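Residue 0 is where the sequence shown starts when you use numbering that gives the first Met the number 0, and the numbers rise one by one after that. Heads up, the beta-carbon is just placed ideally off N, CA and C, and yes, glycines get one too. All values reported here derive from a predicted model rather than from experimental measurement.
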Amino acid sequence: MYELLVIIVLAAAGFLISLRIHRSKKTGEKLVCFIGGGKKSCNEVVESEYSKTLGIPNEVAGMVYYASVFIFALGFVFVPDILGSSFLWAAKISSGAAFLASMYFVGIQAFVLKKFCEWCLATAVINTLIFGINWMFF
């Protein structure tokens with residue numbers, strides 16, 4: 000039960016971070032970052048050619064993912080009998096995909112762009128935690 004609450008908090012945090020990145024890109028406001036070169040580095044990462052996958056902005060895909068995780072985790076808290084074991088497998092598979100995508104994008108930052116965005120790294124940590132909790136406890 001506590002694991003689900005942790006997932007809910009992590010999903011909310013991931014959604015808010017993704018929303019922050021999305022808003023900064025839409026308004027042209029620079030993200031405030033402290034690692035990897037500061038503001039310039041962070042914005043170069045989120046505005047790079049790797050900021051979209053199949054034409055979809057990565058932060059938008061993140062918002063959809065985190066909203067889904069949030070809603071399904073709430074469902075497991077309040078109506079666990081309705082959501083069966085197939086949903087648990089879907090959660091494991093989707094969190095695994097998010098984890099792999101995060102590792103790919105961290106690799107892009109480290110080895111291709113050679114610049115880091117701490118907002119992006121925070122979502123990678125969140126995805127890793129959600130993935131770990133899903134596989135350890137469910």
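Helix, strand or coil at residue i according to DSSP, with G and I counted as helix
{"i": "residue 29", "result": "coil"}
{"i": "residue 91", "result": "helix"}
{"i": "residue 114", "result": "coil"}
{"i": "residue 45", "result": "helix"}
{"i": "residue 137", "result": "coil"}
Rounded C-alpha distance that separates residue i from residue j
{"i": "residue 133", "j": "residue 13", "result": "16 Å"}
{"i": "residue 118", "j": "residue 126", "result": "13 Å"}
{"i": "residue 49", "j": "residue 107", "result": "8 Å"}
{"i": "residue 55", "j": "residue 84", "result": "30 Å"}
{"i": "residue 78", "j": "residue 128", "result": "24 Å"}
{"i": "residue 69", "j": "residue 18", "result": "15 Å"}
{"i": "residue 115", "j": "residue 29", "result": "14 Å"}
Burial state of residue i, where buried means 16 or more other Cβ atoms lie within 10 Å
{"i": "residue 61", "result": "buried"}
{"i": "residue 99", "result": "exposed"}
{"i": "residue 16", "result": "buried"}
{"i": "residue 63", "result": "exposed"}
{"i": "residue 25", "result": "exposed"}
Cross-strand partners of residue i (DSSP beta bridge)
{"i": "residue 20", "result": "According to DSSP, which records beta bridges pairwise, residue 20 is partnered with nothing at all."}
{"i": "residue 55", "result": "52"}
Selected residue, minimal CA-CA separation from residue i, among the options
{"i": "residue 123", "options": "113, 94, 136, 137", "result": "94"}
{"i": "residue 5", "options": "86, 76, 39", "result": "76"}
{"i": "residue 90", "options": "67, 32, 41", "result": "67"}
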